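I have placed the structure first, in the form of structure tokens, so that the comments after it can refer back to it.
2 protein chains.
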Amino acid sequence: MARTTGSHAGITGPRVRQAALRLFAQKGYAAVSMRAIAAEVGVQAGALYNYTPDKESLLFDLMRVHLEELLAQADFGAEADPLTRLRQFVEFHIRFHADRPDEVFIAYMELRNLSPENFAQIEALRRRYEDRLETILRDGAKQGVFAIEDTKIMTLAIIAMLTGVNTWFRSGGRLSLDQVVAQYWDMVRRAVGAE
Amino acid sequence: MARTTGSHAGITGPRVRQAALRLFAQKGYAAVSMRAIAAEVGVQAGALYNYTPDKESLLFDLMRVHLEELLAQADFGAEADPLTRLRQFVEFHIRFHADRPDEVFIAYMELRNLSPENFAQIEALRRRYEDRLETILRDGAKQGVFAIEDTKIMTLAIIAMLTGVNTWFRSGGRLSLDQVVAQYWDMVRRAVGAE
DNA sequence: GTCTATACAGCGATAGAC
DNA sequence: GTCTATCGCTGTATAGAC
Numbered sequence: 001m002a003r004t005t006g007s008h009a010g011i012t013g014p015r016v017r018q019a020a021l022r023l024f025a026q027k028g029y030a031a032v033s034m035r036a037i038a039a040e041v042g043v044q045a046g047a048l049y050n051y052t053p054d055k056e057s058l059l060f061d062l063m064r065v066h067l068e069e070l071l072a073q074a075d076f077g078a079e080a081d082p083l084t085r086l087r088q089f090v091e092f093h094i095r096f097h098a099d100r101p102d103e104v105f106i107a108y109m110e111l112r113n114l115s116p117e118n119f120a121q122i123e124a125l126r127r128r129y130e131d132r133l134e135t136i137l138r139d140g141a142k143q144g145v146f147a148i149e150d151t152k153i154m155t156l157a158i159i160a161m162l163t164g165v166n167t168w169f170r171s172g173g174r175l176s177l178d179q180v181v182a183q184y185w186d187m188v189r190r191a192v193g194a195e
Numbered sequence: 001m002a003r004t005t006g007s008h009a010g011i012t013g014p015r016v017r018q019a020a021l022r023l024f025a026q027k028g029y030a031a032v033s034m035r036a037i038a039a040e041v042g043v044q045a046g047a048l049y050n051y052t053p054d055k056e057s058l059l060f061d062l063m064r065v066h067l068e069e070l071l072a073q074a075d076f077g078a079e080a081d082p083l084t085r086l087r088q089f090v091e092f093h094i095r096f097h098a099d100r101p102d103e104v105f106i107a108y109m110e111l112r113n114l115s116p117e118n119f120a121q122i123e124a125l126r127r128r129y130e131d132r133l134e135t136i137l138r139d140g141a142k143q144g145v146f147a148i149e150d151t152k153i154m155t156l157a158i159i160a161m162l163t164g165v166n167t168w169f170r171s172g173g174r175l176s177l178d179q180v181v182a183q184y185w186d187m188v189r190r191a192v193g194a195e
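Chains as they are written, first to last, in the UniProt record's numbering: chain A, 1 to 195; chain B, 1 to 195.
Here it is as structure tokens:
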């Protein structure tokens, strides 16, 4: 069956999300209009509502998909020793976040623009990710491999430190991502008191 | 000379800045209208323009004053040993930032809403603050007190870690600020490889 | 599925009375 | 110094033609 002229099912949708991602990260959610997103895609503003019920859903879906992918990939088997799992976490976190600067930026900066219900969902996903690290730290502390006074603080401190890479790292800069990973692994290993 | 009714020179100005600070931190700069700020102060929107030439200047001044105060207080004399100065930095940073959550939040989150000229000024102030820490680390490394591979990365990693406290710390919570300072000092001391 | 047109509210900023 | 009133514009979202 011939397609109607101007029909782009399965093409425009992803382009809308990609345009929203880029613009939200660059200018901030509240500063981006639906007209601006539509212009980036090459359609009129009204057409966007074939792909999202409203503007906030666009933001929420970007965050949710990002965090679900993060959780899907953040699998550090409990069979390995805690030091190895911690090293895997550090490397994974840095690389995953360096690969998705726009998504990471939005997921941290635009939480205020979610409804309470959507906010709670996003926070729950983030909490599940933090728990992956906390479990590693707790296992290591129990086995005497790490010397940690408070695993919750250590968890938040490590994540803040690692996520901070995104504020300055640029591919092609002074340091390669391999070097960055090595340096942060050094710092984390020392911070948890591992040999 | 009798004051004109409704005249509040020297009173309304600070109240405007305080209302803007609170609302910007809570809802985000772009989501706050001049009318909302005026309502919080208890005046009409037009009256705000007696105190600021425009909305962006309000944001810029809040950031600039915050960072200038940070720099004014962040004085760690070069006479003491690097380990003592680093400890002072860690304690100062955590306490100063915990005292001003709204200012800190704005100064990190709303940089995108500044004109290029204003952005450059704010970034220069922040850079001067980072240099205070980097100098301490460099001195310590030179003297062999610290074992640091790259002082620039260590600087950014420490600041990210310490500033991250603001995302979760609440006065009256499980931990006192004294305990938080002690824990982070432990982590930083280890991370720089100090005895 | 996209268009044009539009409803309706809100925006930053200014002018002029008091 | 604050008010009221207003300008010109932009915002999200919807309706109906094609």
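We put the beta carbon where it would ideally sit given N, CA and C, even for glycine.
Given the structure is predicted, the values throughout are model-derived calculations rather than measurements.
Q121/B: first and last residue of the uninterrupted alpha helix (DSSP H) it sits in: Here the question's residue 121/B lines up with position 121 in the second sequence. Unbroken alpha helix (DSSP H) run through Q121/B: 116–142.
Neighbouring residues, chain B, relative to D150/A (Cβ below 8 Å): If you number the first sequence from 1, residue 150/A lands on position 150. For a Cβ distance threshold of 8 Å, residue set L175, Q183 of chain B lies close to D150/A, ordered along the chain.
Whole beta strand (DSSP E) elements within the stretch 33–115 of chain A, 3-residue minimum: Look at the stretch 33–115 of chain A and you find no whole run of beta strand (DSSP E) that is 3 residues long or longer.
Cβ neighbour criterion (16 or more within 10 Å) applied to Y184/A: Here residue 184/A refers to the residue found at position 184 of the first sequence. The residue is buried, with at least 16 neighbouring Cβ atoms inside 10 Å.
Selection from A38/A, I11/A, G10/A that minimises the alpha carbon distance to A22/A: Within the first sequence, residue 22/A is the residue found at index 22, counting from 1. The residue asked about is misnamed: residue 22/A is Arg in this sequence, not Ala. Here the closest residue by C-alpha is A38/A.
Cβ shell of N118/B (< 6 Å), same chain only, five flanking positions each side left out: One-based indexing of the second sequence puts residue 118/B at position 118. Beyond the five residues adjoining it in sequence on each side, N118/B comes within less than 6 Å, by CB distance, of F60 in the same chain, given in chain order.
Minimum Cβ-Cβ distance from A25/A to chain B less than 7 Å: Position 25 of the first sequence, counting from 1, holds the residue named residue 25/A. Look at A25/A: its C-beta is not under 7 Å from any C-beta on chain B.
Which listed residue (Q179/A, M161/A, Q44/A) has its alpha carbon closest to that of E149/B: Indexing the second sequence from 1 puts residue 149/B at position 149. Looking from the CA of E149/B, the closest CA among Q179/A, M161/A, Q44/A belongs to Q179/A.
Proximity to L71/A [Cα-Cα], best of G144/A, E195/A, R128/A, I136/A: Numbered from 1 along the first sequence, position 71 holds the residue referred to as residue 71/A. Among G144/A, E195/A, R128/A, I136/A, the Cα nearest to that of L71/A belongs to R128/A.
Enclosing alpha helix (DSSP H) for L156/B [first to last residue]: Taking the first residue of the second sequence as position 1, residue 156/B is located at position 156. Under the DSSP assignment, L156/B falls in the alpha helix (DSSP H) whose first and last residues are 151–163.
Interface partners of L156/B on chain A, CB under 7 Å: Locating residue 156/B in the second sequence gives position 156, where the first residue counts as 1. Here the neighbours are G164, W168.
D54/B versus G77/B, A107/B, L175/B, Y29/B, residue with shortest Cα-Cα distance: Translated into positions along the second sequence, residue 54/B becomes position 54. Of all alpha-carbon atoms in G77/B, A107/B, L175/B, Y29/B, the one lying nearest the alpha-carbon of D54/B is that of Y29/B.
Where the alpha helix (DSSP H) containing V180/A begins and where it ends: By 1-based counting over the first sequence, the position of residue 180/A is 180. Going by DSSP, V180/A is part of the alpha helix (DSSP H) stretching over 177–191.
Within 7 Å, strictly: CB atoms of G13/A and Y49/A: Translated into positions along the first sequence, residue 13/A becomes position 13. Translated into positions along the first sequence, residue 49/A becomes position 49. No, they are not a contact pair.
Same chain only: Cβ atoms within 8 Å of T4/B, ignoring 5 sequence neighbours per side: Against the second sequence, residue 4/B aligns to sequence position 4. Bear in mind that a pLDDT of 47 at T4/B, under 50, signals an unreliable position, so the number given afterwards is only what the model happens to contain. The answer is none, since no qualifying residue turns up.
Residue closest to Y108/A, alpha-carbon to alpha-carbon, out of T167/A, T84/A, V192/A, G193/A: Reading the first sequence from its first residue, position 108 is the one you call residue 108/A. Taking only the C-alpha atoms, the option nearest Y108/A is T167/A.
Environment of I136/B [buried if 16+ CB atoms lie within 10 Å]: Numbered from its first residue, the second sequence carries residue 136/B at position 136. Buried is the label assigned to I136/B, since at least 16 other Cβ atoms lie within 10 Å of its Cβ.
Beta-carbon separation (whole angstroms), T155/A vs L133/A, contact threshold 8 Å: The count along the first sequence starts at 1 and reaches residue 155/A at position 155. The count along the first sequence starts at 1 and reaches residue 133/A at position 133. About 5 Å separates the two Cβ atoms, so the contact holds.
Alpha-carbon to alpha-carbon, E110/B and K27/B: Your numbering for residue 27/B matches position 27 in the second sequence. Your numbering for residue 110/B matches position 110 in the second sequence. Roughly 11 Å separates the two Cα atoms.
Rounded straight-line distance, which links the Cα of D102/B to that of G77/B: On the second sequence, position 77 is the one that residue 77/B refers to. On the second sequence, position 102 is the one that residue 102/B refers to. Cα to Cα, the separation comes out at about 28 Å.
Chain A residues whose Cβ lies nearer than 7 Å to that of A191/B: Residue numbering aside, residue 191/B sits at position 191 when the second sequence is read from its first letter. Residues of chain A passing the Cβ test: M187, R190, A191.
CB contact check: M109/B to chain A, cutoff 7 Å: If you number the second sequence from 1, residue 109/B lands on position 109. With 7 Å as the cut-off, M109/B counts as an interface residue toward chain A.
Whole-angstrom C-beta distance between L125/B and L58/B, which should lie under 8 Å: Numbered from its first residue, the second sequence carries residue 58/B at position 58. Numbered from its first residue, the second sequence carries residue 125/B at position 125. At roughly 17 Å, the Cβ-Cβ gap does not stay under 8 Å, so L58/B and L125/B are not in contact.
First through last residue of the alpha helix (DSSP H) which encompasses F24/B: Along the second sequence, read from residue 1 onward, the residue named residue 24/B stands at position 24. DSSP places F24/B inside the alpha helix (DSSP H), whose first and last residues are 12–27.
Burial state of P116/B (16 or more Cβ within 10 Å): Mapped onto the second sequence, residue 116/B falls at position 116. With fewer than 16 other Cβ atoms from the protein chains shown falling within 10 Å of its own Cβ, P116/B counts as exposed.
Cross-chain neighbours of A30/A in chain B, by beta carbon under 7 Å: As a first step, residue 30/A is located in the first sequence; it is residue number 30 there, counting from the start. Neighbours of A30/A in chain B, taken as residues whose beta carbon is under 7 Å from its own, are G28, A30, A31 in chain order.
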